[in-house]
Amino acid sequence: MDFSLTEDQELIVKASREYLAKEVAPRYREIEHRGIVTKDLFRGLASQGILTPNISQDYGGPGLSWLTAALIMREVGYYDPGMSLAVYIVVNNIWSKMIEVYGSRDLKEEVIPLVARGERFLGIASTEPHGGSDVANIKTLASREGDGYVVNGEKVYISGVKEAREWGGGYFLLAKTRPERSHTAISAFYLPIDAEGVEVGLFETMGRIGISTGSLVLRGVKIPKRYLIGEEGRGFIYATEGFTRARVLIGAAAIGSAMRVFDEVVEYVKNREAFGWPLARYEAIQFRLAEIWAELEAAWNLVLRAAWTLDLYSENKASRSEAFKFSAATKYLAVEKSFKSIVDLTQMLGALGYTRESIAESALRGVFSYMSGAEGAPNIMKMIIAREILGKEYRPTPL
């Protein structure tokens, strides 16, 4: 087995790293402390192919593999350890890709090129006030009316509502086209943010300060039939395909974030003295750093295996079960190891770790969003893994 990158991958990673070091790293405090991501930076990510790495060249993207996208996402997490830019990339890339795979040609041509150029924002609107993991229980209803639909409902904890409103764009929306509680009652739509009847609210979050989080209240929103993505009743399937891909990229970014904190702490303990010795001379510090490095390296290799499996799955060379299992394992393990590593690394910094002078505190807050449920809660990931190991007949809930 060859662990080396291809020449193209090395060039892409090098170019991404250089761009992020030049354009993102100097803006880190602006992004993660003041919550400022300009549209120029958004366009810049697009111009480098970082914003939508998996969109095909037919629609303005570079058409990269999932493995290459994971390599890029690790760099994104490293240079913006607070994870805001990772969110921008994941939502725009993944949900544009799902429109590319399942949407009509007209919808693809209308939406995807603008997103790939950084002219429009595209996100996901699935979570509702009464819960997020139980997707079959969503209440938002899309009722047929004439040659289209009328949508009523509410979505919460939605990324990028402010940016979508200001820059233009929309959402990959999940809504029921039949009122019963069933996965097969859920359909997917493209929801323009400027559609009449869409109300936007904002939440204050503890992390990922550079991207807004809020709500969408939909009151009598008219959606033309051409904005139906794929077939009625298949929205849940399309969404799970999207989340399966998103989880791998999030795992990669989380590892990048943790490695950035790790590198900062390594330099700190070499130069900080206690009782006449550098902290790096103490066995307690050495052993925990060794453990963290090993854990992050192992988790990173799981990310790579999951991304490689996604590429095989895209070519019908791996099963859906394998893709889902490795994706869930990546989201669970890479995020958990990253978060717990950042907690311990922050403690090694002492009082400095509790200040904004260190990047550790924003990394901790950013990665924690994926421990608390974004892209799938940890226990949901375990249930998916167990389902694929044991078989669907042993699942405790209708996942």
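Okay, so the sequence shown: first residue is 312 according to the numbering used here, each after it adds one. Backbone N, C-alpha and C define an ideal beta-carbon position, used for all residues, glycine too.
Using alpha carbons as the reference points, say which of 366, 420, 424, 575 lies closest to residue 389.
-> As a position in the sequence shown, residue 389 is number 78, starting the count at 1. Of the listed residues, the one whose Cα sits closest to residue 389 is 575.
Going by DSSP, which residues form a beta bridge with residue 398?
-> Residue numbering aside, residue 398 sits at position 87 when the sequence shown is read from its first letter. DSSP lists no partner for residue 398.
Report all residues from its chain with a CB closer than 7 Å to the CB of residue 635; omit the five preceding and five following residues, and keep chain order.
-> To locate residue 635, count along the sequence shown from 1; it is residue 324. Only 555, 695, 699 meet the Cβ criterion.
Taking the CB atoms as reference points, tell me whether residue 342 and residue 404 lie closer together than 8 Å.
-> Mapped onto the sequence shown, residue 342 falls at position 31. Mapped onto the sequence shown, residue 404 falls at position 93. Contact flag unset, no.
Identified DSSP bridge partners for residue 487 = If you number the sequence shown from 1, residue 487 lands on position 176. In the DSSP assignment, residue 487 is bridged to 452, 497.
Cβ of residue 664 within 8 Å of Cβ of residue 672?
-> In the sequence shown, residue 664 corresponds to position 353, counting from 1. In the sequence shown, residue 672 corresponds to position 361, counting from 1. Contact: yes.
Please name the residue or residues paired with residue 588 in a DSSP beta bridge.
-> Position 277 of the sequence shown, counting from 1, holds the residue named residue 588. Residue 588 pairs with 585.
Closest by C-alpha distance to residue 669, when choosing among 357, 462, 340, 479 | Locating residue 669 in the sequence shown gives position 358, where the first residue counts as 1. Answer by Cα proximity: 340.
For residue 532, which beta-bridge partners are listed by DSSP?
-> As a working note, residue 532 is residue 221 in the sequence shown. Under DSSP, residue 532 shares a beta bridge with 462.
Residue 560: which of 541, 639, 329 sits nearest, CA to CA?
-> The residue labelled residue 560 in the question sits at position 249 within the sequence shown. It is 639.
Cβ atoms of residue 603 and residue 580: under 8 Å apart, would you say?
-> As a first step, residue 580 is located in the sequence shown; it is residue number 269 there, counting from the start. As a first step, residue 603 is located in the sequence shown; it is residue number 292 there, counting from the start. No, the pair does not count as a contact, with Cβ atoms beyond the cut-off.
Using the C-alpha atoms, what's the distance from residue 481 back to residue 525?
-> Counting from 1 along the sequence shown, the entry for residue 525 is found at position 214. Counting from 1 along the sequence shown, the entry for residue 481 is found at position 170. Computed Cα separation, rounded: 14 Å.
Do you know offhand how far residue 453's Cα is from residue 682's?
-> In the sequence shown, the residue the question calls residue 453 occupies position 142. In the sequence shown, the residue the question calls residue 682 occupies position 371. C-alpha of residue 453 to C-alpha of residue 682: approximately 31 Å in a straight line.
How long is the line joining the alpha carbons of residue 464 and residue 325, rounded to whole angstroms?
-> On the sequence shown, residue 464 is found 153 positions in, with the first residue counted as 1. On the sequence shown, residue 325 is found 14 positions in, with the first residue counted as 1. Spanning the two alpha carbons is a distance of roughly 45 Å.
Round the Cβ separation of residue 471 and residue 402 to the nearest angstrom and send it over; I've been treating them as touching at under 8 Å.
-> Working through the sequence shown from its first residue, we reach residue 471 at position 160. Working through the sequence shown from its first residue, we reach residue 402 at position 91. Right, their Cβ atoms sit about 6 Å apart.
If you count every other CB in all the chains shown that lies within 10 Å of the CB of residue 442, and 16 or more means buried, which is it?
-> Within the sequence shown, numbered from 1, the residue matching residue 442 stands at position 131. With fewer than 16 other Cβ atoms within 10 Å, it is exposed.
Which stretch, first to last residue, makes up the beta strand (DSSP E) that contains residue 435?
-> The residue given as residue 435 occupies position 124 in the sequence shown. That run of the beta strand (DSSP E) goes 432 to 436.
For the candidate residues 500, 394, 331, 358, whose alpha-carbon lies nearest to that of residue 415?
-> Reading the sequence shown from its first residue, position 104 is the one you call residue 415. Cα-wise, what sits closest to residue 415 is 500.
With 16 other CB atoms within 10 Å as the buried threshold, where does residue 314 fall?
-> Walking along the sequence shown from the start, residue 314 turns up at place 3. Classification for residue 314: exposed.
Could you name the residues that DSSP lists as bridge partners for residue 524?
-> Here residue 524 corresponds to residue number 213 of the sequence shown, with the count starting at 1. Residue 524 pairs with 470, 514.
Hey, is residue 514 close to the ligand SAH, as in C-beta under 7 Å from one of its heavy atoms?
-> Ligands displayed in this structure: none; no statement on the ligand SAH is therefore possible.
Complete beta strand (DSSP E) runs within the segment 614 to 667 (minimum length 3 residues, chain order) | none
Have a look at residue 527 and residue 437 and give me their C-alpha separation to the nearest angstrom.
-> As a working note, residue 527 is residue 216 in the sequence shown. As a working note, residue 437 is residue 126 in the sequence shown. The straight-line gap from Cα to Cα measures roughly 10 Å.
In angstroms with no decimal places, state the Cα-to-Cα distance between residue 491 and residue 706.
-> Position 180 of the sequence shown, counting from 1, holds the residue named residue 491. Position 395 of the sequence shown, counting from 1, holds the residue named residue 706. For residue 491 and residue 706, the distance between alpha carbons rounds to 21 Å.
Do you know offhand how far residue 488's Cα is from residue 626's?
-> The residue given as residue 488 occupies position 177 in the sequence shown. The residue given as residue 626 occupies position 315 in the sequence shown. Each residue's alpha carbon lies about 31 Å from the other.
So, residue 557 versus residue 493, is the Cβ gap smaller than 8 Å?
-> Taking the first residue of the sequence shown as position 1, residue 557 is located at position 246. Taking the first residue of the sequence shown as position 1, residue 493 is located at position 182. Not in contact: residue 557 and residue 493 (Cβ atoms no closer than 8 Å).
Unbroken alpha helix (DSSP H) run spanning residue 333, endpoints | The residue you call residue 333 lines up with position 22 of the sequence shown. From DSSP, residue 333 is part of no alpha helix (DSSP H); its letter is neither H nor E.
If you draw a straight line from the alpha carbon of residue 338 to that of residue 521, how long is it in whole angstroms?
-> Locating residue 338 in the sequence shown gives position 27, counting from the first residue. Locating residue 521 in the sequence shown gives position 210, counting from the first residue. Between residue 338 and residue 521, the C-alpha separation is close to 11 Å.
From residue 312 to residue 378, what distance separates their C-alpha atoms?
-> To locate residue 312, count along the sequence shown from 1; it is residue 1. To locate residue 378, count along the sequence shown from 1; it is residue 67. If you take the alpha carbons of residue 312 and residue 378, they lie about 16 Å apart.
Answer with buried or exposed for residue 704, where buried requires no fewer than 16 other C-beta atoms within 10 angstroms of its C-beta.
-> Your numbering for residue 704 matches position 393 in the sequence shown. In summary, residue 704 is exposed, with fewer than 16 beta-carbon neighbours lying within 10 Å of its beta-carbon over all protein chains present.
In the DSSP assignment, what are the bridge partners of residue 540?
-> Residue mapping note: residue 540 aligns to position 229 of the sequence shown, counting from 1. In DSSP, residue 540 forms a bridge with 499.
Euclidean distance between Cα positions of residue 609 and residue 621 = To locate residue 609, count along the sequence shown from 1; it is residue 298. To locate residue 621, count along the sequence shown from 1; it is residue 310. Looking at the two C-alpha atoms, the distance is approximately 19 Å.
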